[in-house]
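Chemist:
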Amino acid sequence: MKEEDLYEIDIPLSFVSSVGTRVHGLACWFDVLFNGSTVQRWLTTAPGSPTTHWYQLRCVLAQPLYVMAGQEITGRLHLVAHSAQSYTIYLTMSGWTPFYSFLLLVVKSIALEFMKLIVPVVF
Numbered sequence: 004m005k006e007e008d009l010y011e012i013d014i015p016l017s018f019v020s021s022v023g024t025r026v027h028g029l030a031c032w033f034d035v036l037f038n039g040s041t042v043q044r045w046l047t048t049a050p051g052s053p054t055t056h057w058y059q060l061r062c063v064l065a066q067p068l069y070v071m072a073g074q075e076i077t078g079r080l081h082l083v084a085h086s087a088q089s090y091t092i093y094l095t096m097s098g099w100t101p102f103y104s105f106l107l108l109v110v111k112s113i114a115l116e117f118m119k120l121i122v123p124v125v126f
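When you read off a place in the sequence shown, starting at 1, and then add 3, the result is the number in this note's numbering.
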């Protein structure tokens, strides 16, 4: 993988609901393998893993989706790198046509330990 591959990340989403419920958003985290010349190291930001200065991210939809058991939820998580060394995040999710909900976040790390600034953009 090259640095340029991380400038724009597009992740198609597809889930099947096991119960009837409201879907308020999506939780995100990442795992990465640092494949060094002599040692390989895994870094994970998954829930339950040792704490790092990166965290999980909650992407809360503008409006919840109402789904039934067995219903497919589709969508797209699209991340675009920006100059503040972070990402603008676009999330769309749909439980049934034509209704969908979306979220746009501009995520920027700040220099305080255990802090993350998430600025929702309102339309």
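Here a beta-carbon is modelled for each residue, glycine too, at the ideal position from N, C-alpha and C.
Nearest to His81 by CA position, among Glu75, Pro53 and Pro15, is which residue?
Modeler: When each option's Cα is compared against that of His81, the closest is Pro15.
Chemist: Check this for me: beta carbons of Glu6 and Val83, under 7 Å apart or not?
Modeler: Their beta carbons are not under 7 Å apart, which means Glu6 does not touch Val83 by this criterion.
Chemist: From Phe33, Thr41 and Asn38, pick the residue whose C-alpha is nearest to that of Thr48; which is it?
Modeler: Minimum Cα distance to Thr48 is reached at Phe33.
Chemist: If the criterion is Cβ atoms closer than 7 Å, does the pair Val26 and Leu60 meet it?
Modeler: No, Cβ-Cβ distance for Val26 and Leu60 is not below 7 Å.
Chemist: How about Gly78 and Thr95: are their beta carbons less than 7 Å apart?
Modeler: Yes, the pair counts as a contact, with Cβ atoms nearer than the cut-off.
Chemist: Take Thr24 and list the residues in its own chain whose beta-carbon comes closer than 7 Å to its own, dropping the five residues that flank it on each side.
Modeler: So the list reads Val70, once near-sequence residues are dropped.
Chemist: Which term fits Gly73, buried or exposed, when burial requires 16 or more other beta carbons within 10 angstroms of its beta carbon?
Modeler: It counts as exposed.
Chemist: If we ignore side chains and look at the alpha-carbon of each, how far apart do Val124 and Phe18 end up?
Modeler: Here the model assigns Val124 a pLDDT of 39, short of 50, so the residue's position is not dependable and the matter cannot be decided.
Chemist: Determine the direct distance from the alpha carbon of Leu29 to that of Glu63, and round the result to whole angstroms.
Modeler: Per the sequence presented here, residue 63 reads as Val, with Glu not at that position. For Val63 and Leu29, the distance between alpha carbons rounds to 7 Å.
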